[in-house]
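Protein chains in written order, with the UniProt record's numbering: chain G, 1 to 208; chain W, 1 to 208.
There are 2 protein chains.
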Amino acid sequence: MSKGVRTRAAILDEALSLMSTDGLSGLTIGLLAERTGLSKSGLFAHFGSKEQLQVAALQEAQASFTAHVIRPVLDLPRGLPRLEAFAEGWWAWNRSPPFPGGCPIQAASLELDDRPGPLRDEIAAAQRRLRAFIQQGAGMAVAAGHFRPDLDCTLFAFQMVGIAFAQTMTCRLLGEPEGLDFVRRAWRAQVTDAQGTHNQTGETSHEH
Amino acid sequence: MSKGVRTRAAILDEALSLMSTDGLSGLTIGLLAERTGLSKSGLFAHFGSKEQLQVAALQEAQASFTAHVIRPVLDLPRGLPRLEAFAEGWWAWNRSPPFPGGCPIQAASLELDDRPGPLRDEIAAAQRRLRAFIQQGAGMAVAAGHFRPDLDCTLFAFQMVGIAFAQTMTCRLLGEPEGLDFVRRAWRAQVTDAQGTHNQTGETSHEH
């Protein structure tokens, strides 16, 4: 890596740490200059503006999520096995992402919802991609016969996002040790509903 | 009201507006002085410290939630009717709380999860009270025979919190018009699960 690339990576690293503990509004050029030992003008030379720096930090967080949570499950069989592994990976990420604070993407989703602009667009696109990934995964589970054919895969993704937010609050804010247990049981209820009431003879409740 | 009480109320009003659009870290004494036309020392005379001001603003947000969402449903019959009305009221609050931005309590829950101190304690206590209210409501629905006797009311509260977060993201960040429709369908699935598979003759799936 060239020196410029290394410096850029080091800046983004610090920026993500700050974002994860203090939120996007906590990520100031002054504080970042202090942490990286660079001058403010040195920082602007790399990113042009505070907003461009924030967008780059959000993109870096997404790349990290993809590497830690998405990529490892893509080799697994399509359908429920892949969804289950993704769910566990996502909850592990939410509990302890590779940053000192919580997941900066999740926090930014609530922080930015009132502020139109490139940052909000970036985070909305990230959330849409995540939902599309879940929705597609649920669709594969339908195709594989793991889930009932009339499952609403968009609703399935919505519900899974809800569980992940509730997990963050329970595990990180309330610090309740049973948080992950709730997550797993809420997920189990969602999966059971998605499977329908097929029993082992293949009979379904729709046939009653 | 005395002049002091009126001034205090006006300050909290502005503080909540700022909090709801810019988050807790956006609530600075400088900006608040500008908005209220008071001097910084005037603000400190009313609240002692920035932290005390933030705690007071969070308490004011909770009082508003209680007045708008909790109190109106307390006259309704216990159990499912009260829970259903609470759910609708909560979603209406999440879509358009009486502040210019989103619900400051929900946003602060993710913003503060890494920062121990009085603010985090305040918001954690608020979230625990909200869950206890839902849990108690679900317990009343069990007692009234609306929900199955083996319902885990703590899990029920956890799931309902998840739906509310997913709603905020869908309606406020993604701006998807069908957001509320998802919320209602996710809630319907949760209620159906809580009711069990009782049919109209009183037969349950547990008896199959």
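The C-beta atom is built at its ideal place from N, Cα and C for all residues, glycine as well.
Counting only unbroken stretches of 4 or more residues, the alpha helix (DSSP H) elements lying wholly within the UniProt domain "HTH tetR-type" (5-65) of chain W are 29-36, 40-47, 50-65, in sequence order. With a beta-carbon spacing of about 36 Å, W/Val-73 and W/Gly-48 fall beyond the 8 Å limit used to define contacts. Residues of the stretch 102-129 of chain W with a C-beta atom less than 8 Å from some C-beta of chain G are Gly-102, Gln-106, Ala-107, Ser-109, Leu-110, Glu-111, Leu-112, Asp-113, Asp-114, Arg-115, Arg-120, Ile-123, Ala-124, Gln-127, Arg-128, listed in chain order. Taking C-beta separations shorter than 8 Å and ignoring five residues to either side along the sequence, the partners of W/Thr-168 in its chain run Asn-94, Gly-102, Cys-103, Gln-106, following chain order. Residue-level contact check: W/Gln-136 does not touch chain G, since none of the beta carbons of chain G fall below 8 Å from its beta carbon. The continuous stretches of alpha helix (DSSP H) do not include W/Leu-151, and DSSP gives it neither H nor E. Taking C-alpha positions only, G/Leu-151 is separated from G/Gln-136 by approximately 12 Å. Residue environment analysis places W/Gly-4 among the exposed positions, since fewer than 16 neighbouring C-beta atoms fall within 10 angstroms of its C-beta. Neighbours of G/Arg-172 in chain W, taken as residues at a C-beta separation under 7 Å, are given in chain order as Asp-113. If you draw a straight line from the Cα of G/Pro-81 to the Cα of G/Val-191, it is about 12 Å long. In this chain, the alpha helix (DSSP H) harbouring G/Ile-123 covers 118-143.
About 4 Å separates the Cβ atoms of G/Ala-57 and G/Ala-15, confirming a contact at the 8 Å cut-off. Here G/Pro-97 is buried. Its C-beta has 16 or more other C-beta atoms within 10 Å. Of the residues W/Phe-99, W/Leu-174, W/Ala-194, the one whose Cα lies closest to the Cα of W/Glu-60 is W/Phe-99. Here the C-alpha atom of G/Arg-129 lies approximately 23 Å from the C-alpha atom of G/Ala-186. Near chain G, meaning a CB-to-CB distance below 7 Å, the residues of the stretch 150-165 of chain W are Leu-155, Phe-158, Gln-159, Val-161, Gly-162, Ile-163, Phe-165. At a cut-off of 8 Å, the C-beta of W/Gly-26 has a neighbouring C-beta in chain G.
Distance from the CA atom of G/Leu-31 to the CA atom of G/Leu-76, rounded to whole angstroms, is 42 Å. For the 8 Å CB-CB criterion, W/Gly-196 and W/Met-140 do not form a contact. In this structure, W/Arg-131 sits near W/Ala-157, with a CB-CB distance shorter than 8 Å. Residues of the UniProt domain "HTH tetR-type" (5-65) of chain W that bring their beta carbon within less than 7 Å of a beta carbon in chain G comprise Thr-21, Asp-22, Gly-23, Ser-25, Gly-26, in sequence order.
The beta-carbon of G/Ala-132 is placed no less than 8 Å from the nearest beta-carbon of chain W. Across the stretch 178-194 of chain W, CB contacts with chain G closer than 7 Å involve Phe-182, Arg-185, Ala-186, Ala-189, Asp-193, in sequence order along the chain. For W/Val-69, there is no enclosing alpha helix (DSSP H), as DSSP marks it with neither H nor E. Minimum Cα-Cα distance from W/Gly-23 among the listed residues G/Arg-115, G/Ala-124, G/Gly-37, G/Leu-180 corresponds to G/Arg-115. In this structure G/Ser-109 touches W/Leu-173 by the C-beta definition: roughly 5 Å separates them, less than 8 Å. The C-beta of W/Met-169 comes closer than 8 Å to at least one C-beta of chain G.
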